[in-house]
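Asker: The following block contains the structure, expressed as structure tokens.
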Amino acid sequence: MRNQSAGFISNRMDGRLQNAEVAPPHSMGTEWGHAQPGSNRIPAAATRSVDMTGLLREALVHRELTLHYQPQMDLDSGRIVGVEALLRWQNPLLGNVAPAEFIPVAEKTGLIVPLGEWTLRAACTQARIWREIGLPPLRMAVNVSPRQLTDAEPNQVVARILRETGLRPDYLELEIPESLLARDDVADTLRGLKRLGVRLAIDGFGAGRSNLGHLRRLPIDHIKIDQSFVRDIGGGDDDQTTIAAAIIAMARSLRLSVIAEGVETEAQLASLRALHCNEMQGFLLSQPHPAEHIATLIRNHSKSPGFGRLSPNRIPAEPRE
Amino acid sequence: MNNGTARILVVDDDPTIRLLAREVLERNGYVVAEAENGSQALRHFAATGGDLVLLDVMMPELDGFATCQQLRQMPTGSQVPIVMMTGLEDSVSIQRAYDAGATDFIVKPIIWSILAQRVRYILRASNALREVAGRAAFQRALIETMPLPILVEDAQGHSLTCNPAFETLFGGRSLPRPTESVSGDQARLQVYEADMLSAHQDRRAVIIHRTTFTPPGSSEAGFISAILDITERKQNEERQRLAETVFQTAASAIMVTDPTGIVQSVNPAFTTITGYSGDEAIGKTPSLLKSDRHDAQFYAGFWGALAETGHWSGEMWQRRKNGQIYPAWVSVKAVRDADGQVVQYVAFFSDITERKLAEQEIFFRANYDPLTGLPNRSLLHERIDQALRRVRRHGGGLALMFLDLDRFKQVNDTLGHAWGDELLCQTAERLEACVRETDTVARYSGDEFILLLPGIAHLSNAYAIAEKVIQRISQPFDLNNTVIQIGCSIGIVLYPDHGSDVGTLLRHADLAMYQAKTSGRNTYRRYEPVMADQMLRQLSLETDLRLAIQHHELMVYYQPVLNLKSNRLAGAEALIRWRHPRRGLVSPGDFIPLAEETGLIHEIGAWVLENVCQTLGRWCRKGWRAPISVNLSSVQILHGLTVESVETLLQRHALRPEWLAFEITESVLIHDTRQAQQWLEAIRGLGIRVDIDDFGTGYSSLAYLKRFPIDRLKIDQSFVRDIAANANDRALVEAILAMAGSLRIPVVAEGVENQEQLDLLRRLGCEYAQGFYFSKPVPAEEFVQFAGRLGAFHA
Numbered sequence: 175m176r177n178q179s180a181g182f183i184s185n186r187m188d189g190r191l192q193n194a195e196v197a198p199p200h201s202m203g204t205e206w207g208h209a210q211p212g213s214n215r216i217p218a219a220a221t222r223s224v225d226m227t228g229l230l231r232e233a234l235v236h237r238e239l240t241l242h243y244q245p246q247m248d249l250d251s252g253r254i255v256g257v258e259a260l261l262r263w264q265n266p267l268l269g270n271v272a273p274a275e276f277i278p279v280a281e282k283t284g285l286i287v288p289l290g291e292w293t294l295r296a297a298c299t300q301a302r303i304w305r306e307i308g309l310p311p312l313r314m315a316v317n318v319s320p321r322q323l324t325d326a327e328p329n330q331v332v333a334r335i336l337r338e339t340g341l342r343p344d345y346l347e348l349e350i351p352e353s354l355l356a357r358d359d360v361a362d363t364l365r366g367l368k369r370l371g372v373r374l375a376i377d378g379f380g381a382g383r384s385n386l387g388h389l390r391r392l393p394i395d396h397i398k399i400d401q402s403f404v405r406d407i408g409g410g411d412d413d414q415t416t417i418a419a420a421i422i423a424m425a426r427s428l429r430l431s432v433i434a435e436g437v438e439t440e441a442q443l444a445s446l447r448a449l450h451c452n453e454m455q456g457f458l459l460s461q462p463h464p465a466e467h468i469a470t471l472i473r474n475h476s477k478s479p480g481f482g483r484l485s486p487n488r489i490p491a492e493p494r495e
Numbered sequence: 018m019n020n021g022t023a024r025i026l027v028v029d030d031d032p033t034i035r036l037l038a039r040e041v042l043e044r045n046g047y048v049v050a051e052a053e054n055g056s057q058a059l060r061h062f063a064a065t066g067g068d069l070v071l072l073d074v075m076m077p078e079l080d081g082f083a084t085c086q087q088l089r090q091m092p093t094g095s096q097v098p099i100v101m102m103t104g105l106e107d108s109v110s111i112q113r114a115y116d117a118g119a120t121d122f123i124v125k126p127i128i129w130s131i132l133a134q135r136v137r138y139i140l141r142a143s144n145a146l147r148e149v150a151g152r153a154a155f156q157r158a159l160i161e162t163m164p165l166p167i168l169v170e171d172a173q174g175h176s177l178t179c180n181p182a183f184e185t186l187f188g189g190r191s192l193p194r195p196t197e198s199v200s201g202d203q204a205r206l207q208v209y210e211a212d213m214l215s216a217h218q219d220r221r222a223v224i225i226h227r228t229t230f231t232p233p234g235s236s237e238a239g240f241i242s243a244i245l246d247i248t249e250r251k252q253n254e255e256r257q258r259l260a261e262t263v264f265q266t267a268a269s270a271i272m273v274t275d276p277t278g279i280v281q282s283v284n285p286a287f288t289t290i291t292g293y294s295g296d297e298a299i300g301k302t303p304s305l306l307k308s309d310r311h312d313a314q315f316y317a318g319f320w321g322a323l324a325e326t327g328h329w330s331g332e333m334w335q336r337r338k339n340g341q342i343y344p345a346w347v348s349v350k351a352v353r354d355a356d357g358q359v360v361q362y363v364a365f366f367s368d369i370t371e372r373k374l375a376e377q378e379i380f381f382r383a384n385y386d387p388l389t390g391l392p393n394r395s396l397l398h399e400r401i402d403q404a405l406r407r408v409r410r411h412g413g414g415l416a417l418m419f420l421d422l423d424r425f426k427q428v429n430d431t432l433g434h435a436w437g438d439e440l441l442c443q444t445a446e447r448l449e450a451c452v453r454e455t456d457t458v459a460r461y462s463g464d465e466f467i468l469l470l471p472g473i474a475h476l477s478n479a480y481a482i483a484e485k486v487i488q489r490i491s492q493p494f495d496l497n498n499t500v501i502q503i504g505c506s507i508g509i510v511l512y513p514d515h516g517s518d519v520g521t522l523l524r525h526a527d528l529a530m531y532q533a534k535t536s537g538r539n540t541y542r543r544y545e546p547v548m549a550d551q552m553l554r555q556l557s558l559e560t561d562l563r564l565a566i567q568h569h570e571l572m573v574y575y576q577p578v579l580n581l582k583s584n585r586l587a588g589a590e591a592l593i594r595w596r597h598p599r600r601g602l603v604s605p606g607d608f609i610p611l612a613e614e615t616g617l618i619h620e621i622g623a624w625v626l627e628n629v630c631q632t633l634g635r636w637c638r639k640g641w642r643a644p645i646s647v648n649l650s651s652v653q654i655l656h657g658l659t660v661e662s663v664e665t666l667l668q669r670h671a672l673r674p675e676w677l678a679f680e681i682t683e684s685v686l687i688h689d690t691r692q693a694q695q696w697l698e699a700i701r702g703l704g705i706r707v708d709i710d711d712f713g714t715g716y717s718s719l720a721y722l723k724r725f726p727i728d729r730l731k732i733d734q735s736f737v738r739d740i741a742a743n744a745n746d747r748a749l750v751e752a753i754l755a756m757a758g759s760l761r762i763p764v765v766a767e768g769v770e771n772q773e774q775l776d777l778l779r780r781l782g783c784e785y786a787q788g789f790y791f792s793k794p795v796p797a798e799e800f801v802q803f804a805g806r807l808g809a810f811h812a
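Protein chains in written order, with the working numbering: chain A, 175 to 495; chain B, 18 to 812.
Structure below.
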């Protein structure tokens, strides 16, 4: 989903962001604010980034970071087939910090490497726990940042974490920002990861520059259609001529499965099904929830699968942040 | 002298008179000598002198008058009282006696009883007169010998007399009057300052002491003035005052020390510059200002120069009270007394921080590239020279790398100079990160950089560095959140293997770089002698290309495009060919990049358009009704080919816009410049079709395919070639077709060579195709025949 993965957006070319180049970062925060209640009280970005580095370093130690999970649904079966792990940071001083704010800082300072590793371990542990408590098989999607792929040794890290957590590799899906595919050094890394048996998804496909050749050459399993394209469908016009349709058609030709992120309306869902999109994720289905809510939600859903919103009245009330 | 001892000479030829005179005078206590005639008297007086002479007038031989006269001429006789004895009533004799110099006379016969009284009186009067005369002489001498000029004037200011000092200094000058009148008691003595001209016409400052006096025998008061010449003192005072003013107001700090270096005084500028007040500095030594920037040797040189020449000047780092170090221009001078002993040192210094900064600025401007901060060409040459000298002296080797960015021009042209500049800056940073401290990275010009690597003696070491550099430069650059990927081509030379001087080394490195560029870019080459030949060929190619248009060596070929559904001719692509007189047919791939690099693309592009429009006009008159597509370089689109010029072209050849199509590459769209978008929209607005060429070979922006007004996608022939054999390529073509189908963009497959490919494309839903299978690109006349067979022209 866009607001959580926004940390990667600065690294790829995004038409909408390009046009909004004068807009300060906090305006993005309000644009995606539906996932971040109260986040419009963000102070000046500059002072925050100074403060933030130190605070972020301590956040890991002080357990201020948590993961929320947003379900992903298969559009053929109506089953929940996976979740995307999304970082949350609640700091005593800064309040809730949006990933759009702190991920770039982490990326710049290199903190993203331990942060990413922590995320990966926490997510894999959670996935393993869900398996142990008898939840249906769930794919765990985790975002990977550029520096994680280039600075650290991702293959070793992933292999170690899989070994430590005992998660089956094919239950782990790494979401790679599209812009990274352009880098020669990343191709080998991706092939190495693929050899471990994990699934690879391209995040935010089509929003930046795409090289069709990469889709063929690299061991990609999954394409995530950027939510900016999802927004264009289901509006009553001819969905067949949208970019989302083009991507889905192309991905089908390349035998890649497609997931649409940021699905918010029934009309969008209907259009995606008509276009033979494979999976979806978004508010229409469920917002991101803490792990314990997800377990309840999925258990309930697996008893009566359907394409509507996961019923909120069947999960415990989550305190609004 | 008293009466008792007064000696009286009695001169008379009459012995009785002599006897009686002796009797009377001796009785009254006088000592008496006698002479019986004038000659005897003179002799006696000359020998023993006397206090009074009684002289008879009437004597034989020398008479009394003559004797008197002669006495008076004797040195001792001029003042002695002479009393002449004359006959009674002999007034003539009396007159003669005075004329001869007599003091008084006594009438004969002498009344002896009063002679003594008479003598006493005359003696007393004579003594009194002598005393007065002596005092006057003393006073005169006193005044005459005094160095102080003195002038005596009468009441009207006429000079009465003056002393020699006055004569020397102010001879002939009158005195200035006092400016203020003074009265009362003070009127007796006036003291005032004035200026007056000296005898030598100098202006002198004087103090005049003036007093009034009444000269004897005058009723009017005159003036005596003593004139004190204070000109020197005034000048000294003036100098002193000036020095003090300078000291106080000088912009330079001034510090005076005694011979041992103890500070005696400092001026306000000293405080301003150093931060130390006078109180803080006085009594200390100049080490108060010492920074740790100079070694002992420096200070030794300083004191050495002071001792030897008495002065030192130069730059010196000093320390302010607040600890700040600053550069000062210091000038120190020893002050010596008359014996040559140093009595003081005076130091002047000024803070030259500003000047230093300016010098550094000038140095920086002269030696560094303002954009990247790297050494510029001039500093590079200097560094290479130095490095070469070191190697010649100490042995070893060095490597030079000539680095040119690949595709930089595209970034600059499509995104603008600001982006290009940013890219250069980031490149500079990366390059510096690739080399050691001792290496030099310089910006040579535009997007050319030089790496000077001392101590590299083997090619293998140089290669390793070149690989590192290429790897670093090939990493994507983040320019304003847009990822840009470029590369670089590197030429390598070693000293002494590939040249022995700066010029040769750089030239050969440039050649090697060029070779790297032509062999596919993003790679490195070392210099080899054959490169010079290749370079020459390249240069001659450029020269030839410039002439190609004039010499009608360029031609436009046409390749038909078929509609796969109707199997009819759907148009043609115009392709440029260069028939070189010696090289034969040169492929566009060999000369178009060169044309873009040299800017010839504008001329060539315009020629092609003109030529195509001409041909198209001719064909249209024969019934041709399909579009001809012309390739445009991104350089042309962004710089040169205006929408207006295209419009004019259509009008001139009376062409309908839908018969013309432009093929552009994705790179024009990808950077999403407003300029490109406006151009595209305007061209589409004219009704001219715009196709995307070589689709799928580079980066595509799906969003822009939707947003930009695009008419067709052309799948690059590299995908089509292996479509039957290679599942990957087939999947890709299929994906492109699926995607284009969704976006309702028709697709043209390029490079169709056989029936199998054609069938496959047809099955996948491709609408148009071109390739050797139908026809290779052919000259216009041949194309007319080909198209004629398909019924594209009037019969």
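Every residue, glycine too, gets a C-beta built ideally from N, C-alpha and C. Model, not experiment: these values are computed from the prediction.
How big is the Cα-Cα spacing for A:Asp413 and A:Gly252?
Answerer: Computed Cα separation, rounded: 22 Å.
Asker: Here's the rule: buried if 16 or more other CB atoms are within 10 angstroms of the residue's CB, otherwise exposed. What is A:Asp400?
Answerer: Buried, because 16 or more other Cβ atoms sit within 10 Å of the Cβ of A:Asp400.
Asker: Can you tell me whether B:His568 is buried or exposed? The criterion is at least 16 other CB atoms within 10 Å of its CB, across all chains shown.
Answerer: Answer is exposed; the Cβ neighbour count stays below 16.
Asker: Give the straight-line distance between the Cα atoms of B:Met272 and B:Lys350, rounded to the nearest whole angstrom.
Answerer: In a straight line, the C-alpha of B:Met272 is about 11 Å away from that of B:Lys350.
Asker: Between B:Phe62 and B:Ser95, what straight-line distance do the alpha-carbon atoms span, to the nearest angstrom?
Answerer: If you take the alpha carbons of B:Phe62 and B:Ser95, they lie about 12 Å apart.
Asker: Whose C-beta lies closer than 8 Å to the C-beta of A:Met226 among residues of the same chain, with five residues either side of it excluded?
Answerer: Only Leu268, Val271, Glu275, Phe276 and Val279 meet the Cβ criterion.
Asker: I want to know whether the segment 427-441 of chain B touches the segment 540-547 of chain B - three or more CB-CB distances under 8 Å.
Answerer: Output reads no: the segment 540-547 of chain B does not touch the segment 427-441 of chain B.
Asker: Taking CB distances under 8 Å as the criterion, tell me whether A:Leu386 reaches chain B.
Answerer: Yes, A:Leu386 lies at the interface with chain B (some Cβ there is under 8 Å from its Cβ).
Asker: Considering only the beta carbon of each residue, do B:Val223 and B:Ile241 sit closer than 8 Å?
Answerer: No, the Cβ-Cβ distance between B:Val223 and B:Ile241 is not below 8 Å.
Asker: Which word fits B:Leu146, buried or exposed, when buried means at least 16 other C-beta atoms lie within 10 angstroms of its C-beta?
Answerer: Exposed.
Asker: Any contact between the segment 27-39 of chain B and the segment 64-77 of chain B? By contact I mean 3 or more CB pairs, one from each, below 8 Å.
Answerer: With the cut-off at 8 Å, the segment 27-39 of chain B and the segment 64-77 of chain B touch.
Asker: Of all Cβ atoms in chain B, is any one closer than 8 Å to the Cβ of A:Pro479?
Answerer: Cβ-Cβ to chain B under 8 Å: no for A:Pro479.
Asker: Taking just the CA atoms, how far does B:Asp464 sit from B:His434?
Answerer: C-alpha separation (whole angstroms): 12 Å.
Asker: By the criterion of Cβ-Cβ separation under 7 Å, what are the contact partners of B:Arg761 in chain A?
Answerer: Residues of chain A passing the Cβ test: Thr415.
Asker: Please classify B:Asp733: does DSSP put it in a helix, a strand, or coil?
Answerer: Coil.
Asker: Within a Cβ cutoff of 8 Å, which residues of the same chain sit near A:Asp406, ignoring the five residues on either side of it in sequence?
Answerer: If we look at A:Asp406 and ignore the five residues flanking it on each side, its Cβ neighbours are Thr416, Ile417 and Ala418.
Asker: For B:Leu564, does the count of other Cβ atoms within 10 angstroms reach 16, so buried, or fall short, so exposed?
Answerer: Flag for B:Leu564 reads exposed.
Asker: Strictly by DSSP, which residues pair up with B:Gln724?
Answerer: Here residue 724 of chain B is Arg; the residue named in the question, Gln, does not match the sequence. DSSP, once it has assigned bridges, lists no residue as partnering B:Arg724.
Asker: What separation, rounded to the nearest whole angstrom, lies between the Cα atoms of B:Gln488 and B:Val625?
Answerer: If you take the alpha carbons of B:Gln488 and B:Val625, they lie about 39 Å apart.
Asker: Taking Cβ-Cβ distances below 8 Å as the criterion, which residues of the segment 272-297 of chain B are in contact with chain A?
Answerer: Cβ contacts with chain A come from no residue of the segment 272-297 of chain B.
Asker: Let me make sure I understand the geometry here. Which of B:Leu496, B:Gln695 and B:Trp676 has the alpha-carbon closest to that of B:Thr659?
Answerer: Comparing Cα-Cα distances from B:Thr659 to each of B:Leu496, B:Gln695 and B:Trp676, the minimum goes to B:Gln695.
Asker: Can you grab the Cα-Cα spacing for the pair B:Phe381 / B:Tyr461, in whole Å?
Answerer: Rounded to the nearest angstrom, the two C-alpha atoms are 16 Å apart.
Asker: In angstroms, rounded to a whole number, what distance separates the CA positions of B:Gln304 and B:His525?
Answerer: Note that residue 304 of chain B is Ser in the sequence shown here, rather than Gln. Using only the alpha carbons, I get a separation of about 56 Å.
Asker: Do B:Ser651 and B:Ser684 have their beta-carbon atoms positioned less than 8 Å apart in this structure?
Answerer: Contact flag set, yes.
Asker: Please report the residue range of the alpha helix (DSSP H) in which B:Val519 lies.
Answerer: Start and end: Val519 to Thr535.
Asker: Tell whether a beta-carbon distance below 8 Å holds between B:Leu722 and B:Trp676.
Answerer: No, the Cβ-Cβ distance between B:Leu722 and B:Trp676 is not below 8 Å.
Asker: Quick check: the Cα distance between A:Leu367 and A:Pro328, rounded to an integer number of angstroms?
Answerer: One C-alpha to the other measures close to 8 Å.
Asker: I want to verify the contact list: residues of chain B whose CB lies under 8 Å from the CB of A:Ser476, in sequence order.
Answerer: The premise fails here: A:Ser476 is roughly 34 Å from chain B at the closest Cβ pair, so nothing lies under 8 Å.
Asker: DSSP on B:Ala549, reduced to helix/strand/coil?
Answerer: The answer is helix: DSSP assigns B:Ala549 an H, G or I state.
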